[in-house]
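Single-structure report; data block below.
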Amino acid sequence: MGCENYELFISCSLERGRSFRMELINVKLKKSRNDSYGIYVGQGAMEHLGLITEAYKDADRYVVISDSIVNPLYGDIVREKLQQATLPVDTVEIPAGEKSKSMATVVEVVSQLIALNASRKSLLVALGGGVVGDLTGFVASIFKRGIPYVQIATSLVAQVDSSVGGKTGVDTTEGKNLLGTFYQPKAVFIDPSFLDTLSERDFKNGLAEIIKYGIIADEDLFELLCENTAGIIQRKPNLMKTLIEHSCKIKAEIVEKDEKEGDLRRILNFGHTVGHALEATSDYRLSHGEAVAIGIVAATKISHKLEYLDETLCKNIISLVEQYGLPISIPRDFDTQKILDYMASDKKVVGRHLHFVLIDGIGKPFVTPDVPRNRIREIVDELKSW
Ligand SMILES: NC(=O)c1ccc[n+]([C@@H]2O[C@H](COP(=O)([O-])OP(=O)(O)OC[C@H]3O[C@@H](n4cnc5c(N)ncnc54)[C@H](O)[C@@H]3O)[C@@H](O)[C@H]2O)c1
Ligand SMILES: [Zn+2]
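Residue numbers 1 to 386, in the numbering used here, belong to the letters of the sequence shown in order.
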């Protein structure tokens, strides 16, 4: 066999035991794809679905992916809008809840897509919260090596957080979001009136993230949260629209500058270092938002103890979290050492240093590797004895 073909050169050389001559061939791939997309926020956002059906009029079908709670509530409204484009509209329904964010569900959804004759020309429509969004985005990124998808975000977490930024993925038995891709939707639609049917606990999960945005990035948002507690708790549509707009803009701006989780995107983890540890320590009995709320209190207190933040602002932040009915203390039966061990094993540890997002004012976050471990222990113990 001749070795004039470069691809065979190396194996031929190895087979014949000849000296090994190394060559380098560069594969130059210039990224020219435009991944920009629009987020439509407001009552009647569904009316804008027409923009997508217009843009994808050459699609062969639309497949709505939703869960067993959201599909019965809003599936028909969405299908009716999509049917105006006279293309087939199918639905794949998954059981509601985090358990569905799994490879087993991915395989099941893909089987159903194949049974529906979905192709590279099909458009997926994620209708639901963060679980449906993350799962649909993941399926879209791998089905036939990538097909387009849009998100209709129905939970507050999806409306202010998970639908922006293109992180998709599923959990494994070893942990959350361990398999995933960066894959952007073609558009996101957010109607605050979907929130009317959302449970109290899920609503508060979203509020915790909005409070985080106010603290790390936006004095106006922080004030809005301080001054309109009653209206926000009542989910007044205009207030909710404003909160969602502020939140999406903040996340979009950070993601635009740092699409793939570099240093800047880390500030979005404010409250999450302690938050993730509490969530895991509680075996997920604490919801993400509850754990993040306590994590926000912890990061705020550490910022104050290390003399970055004055006492008044520290107290204001903690009372804001409390006003929204979110927890501000760690349940007494939580094992401090377990919380600290979890933090040490978390991905935000670089070497022996625990990277923490702290603040030295509203809108002034910074990442530091310099938080002494005994300070963290002190704060965890303090938050348990409140
Ligand atoms: N991709 C990201 O950047 C990102 C960011 C944050 C969170 N997440 C992921 O998002 C998930 C959490 O999102 P979530 O809180 O939306 O969870 P979820 O999708 O499970 O929704 C919470 C519950 O609310 C229900 N629901 C949703 N909209 C409703 C509505 N309008 N009315 C009534 N019920 C409704 C759902 O059926 C579910 O039971 C987690 O898996 C998390 O990892 C991803
Ligand atoms: Zn979060």
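Glycine included, every Cβ here is placed at the ideal spot set by N, Cα and C.
A quick note: this is a predicted structure, and the numbers were derived from the prediction, not measured.
Just checking my contact of residue i with residue j at CB under 8 Å: how many whole Å lie between their CB atoms?
{"i": "LEU309", "j": "ASP360", "result": "6 Å"}
{"i": "TYR149", "j": "ALA126", "result": "6 Å"}
{"i": "ILE250", "j": "ASP218", "result": "6 Å"}
{"i": "VAL78", "j": "ILE152", "result": "6 Å"}
{"i": "ILE302", "j": "ARG373", "result": "So it is not a contact: roughly 12 Å between Cβ atoms."}
{"i": "TYR62", "j": "LEU87", "result": "6 Å"}
{"i": "LYS81", "j": "MET46", "result": "6 Å"}
{"i": "GLY289", "j": "LYS204", "result": "5 Å"}
Quick one: give me the first and last residue of the beta strand (DSSP E) that residue i is part of.
{"i": "LYS249", "result": "Where LYS249 is concerned, there is no enclosing beta strand (DSSP E), although the alpha helix (DSSP H) it sits in stretches over 237-257."}
{"i": "ASP90", "result": "89-94"}
{"i": "GLY180", "result": "175-182"}
{"i": "LEU358", "result": "356-359"}
{"i": "TYR149", "result": "149-153"}
{"i": "VAL170", "result": "167-172"}
{"i": "GLY128", "result": "122-128"}
{"i": "TYR40", "result": "38-41"}
{"i": "LYS380", "result": "The sequence as given places Val at residue 380; Lys does not occur at that position. No beta strand (DSSP E) holds VAL380; the alpha helix (DSSP H) holding it covers 373-384."}
Would you mind working out which of the options sits nearest residue i, comparing C-alpha positions?
{"i": "GLU200", "options": "VAL157, GLU223, ILE114 and PHE182", "result": "VAL157"}
{"i": "ARG180", "options": "SER32, GLU174, GLY169 and HIS48", "result": "It should be noted that the sequence gives Gly, not Arg, for residue 180. Selected option, being the one with the closest Cα: GLY169."}
{"i": "LEU278", "options": "ILE339, ALA344, GLN234 and SER66", "result": "ILE339"}
{"i": "PRO185", "options": "ARG266, ILE69, ASP134 and PHE356", "result": "ASP134"}
{"i": "VAL139", "options": "SER66, VAL160, VAL70 and LEU73", "result": "SER66"}
{"i": "VAL297", "options": "ILE362, GLY146 and PRO327", "result": "PRO327"}
{"i": "LEU73", "options": "GLN83, THR86 and GLU93", "result": "GLU93"}
{"i": "LEU243", "options": "ILE211, VAL27 and ASP258", "result": "ILE211"}
{"i": "GLY271", "options": "HIS246, GLY214 and VAL255", "result": "GLY214"}
{"i": "SER319", "options": "TYR342, ASP333 and ILE294", "result": "ILE294"}
{"i": "ASP191", "options": "VAL371, ARG33, HIS48 and LYS30", "result": "HIS48"}
{"i": "ASN316", "options": "ILE69, GLU227 and PHE189", "result": "GLU227"}
{"i": "LYS241", "options": "TYR40, LYS28 and GLY97", "result": "TYR40"}
{"i": "VAL321", "options": "PHE356, PHE222 and GLU98", "result": "PHE222"}
{"i": "LEU306", "options": "THR368, GLN337, ARG285 and SER287", "result": "THR368"}
{"i": "LYS101", "options": "LEU178, ALA299, ILE267 and GLU80", "result": "LEU178"}
{"i": "MET343", "options": "PHE366, GLY137, GLN43 and VAL371", "result": "VAL371"}
Using a Cβ-Cβ cutoff of less than 6 Å, which residues in the same chain neighbour residue i once the five nearest sequence positions on both sides are dropped?
{"i": "SER329", "result": "LEU383 and TRP386"}
{"i": "LEU207", "result": "TYR324"}
{"i": "LYS121", "result": "ALA59 and ASP60"}
{"i": "LYS144", "result": "ARG120"}
{"i": "LEU8", "result": "For LEU8, the pLDDT reaches just 47, beneath the cut-off of 50, and the residue's location in the model is therefore unreliable, leaving the point undetermined."}
{"i": "TYR56", "result": "LEU123"}
{"i": "GLY231", "result": "LEU239"}
{"i": "ALA291", "result": "GLY275, LEU278 and GLU279"}
{"i": "THR229", "result": "GLN323"}
{"i": "SER163", "result": "GLY133, GLN151, ALA153 and VAL188"}
{"i": "ASP35", "result": "GLN184"}
{"i": "ARG235", "result": "LEU195"}
{"i": "VAL380", "result": "THR336 and ILE339"}
Counting along the chain, where does the alpha helix (DSSP H) carrying residue i start and finish?
{"i": "GLY295", "result": "288-305"}
{"i": "PHE222", "result": "219-227"}
{"i": "VAL321", "result": "311-323"}
{"i": "GLN337", "result": "336-345"}
{"i": "ARG61", "result": "From DSSP, ARG61 is part of no alpha helix (DSSP H) but of the beta strand (DSSP E) over 61-67."}
{"i": "VAL109", "result": "103-115"}
{"i": "THR86", "result": "No alpha helix (DSSP H) holds THR86; DSSP gives it neither H nor E."}
{"i": "THR281", "result": "272-281"}
{"i": "ALA55", "result": "49-55"}
Only counting the same chain, and skipping five residues up and downstream in sequence, which positions put a Cβ closer than 7 Å to that of residue i?
{"i": "LEU198", "result": "SER155 and LEU156"}
{"i": "LEU286", "result": "LEU278 and GLU279"}
Output yes if chain B places a C-beta closer than 8 Å to the C-beta of residue i; else output no.
{"i": "HIS304", "result": "The structure shown contains no chain B, having only a single protein chain."}
Closer than 8 Å by C-beta to residue i: which residues in its own chain qualify, once you throw out the five before and the five after it? Chain order, please.
{"i": "GLN84", "result": "GLY50 and THR53"}
{"i": "ASP161", "result": "GLY130, GLY206, GLU209, SER247 and LYS251"}
Less than 7 Å between the CB of residue i and some heavy atom of ligand 3, yes or no?
{"i": "ILE318", "result": "Among the ligands modelled here, namely ligand 1 and ligand 2, ligand 3 does not occur."}
Residues passing the C-beta test against ligand 2 heavy atoms, cut-off 6 Å: GLU209, HIS272, HIS288 and VAL292
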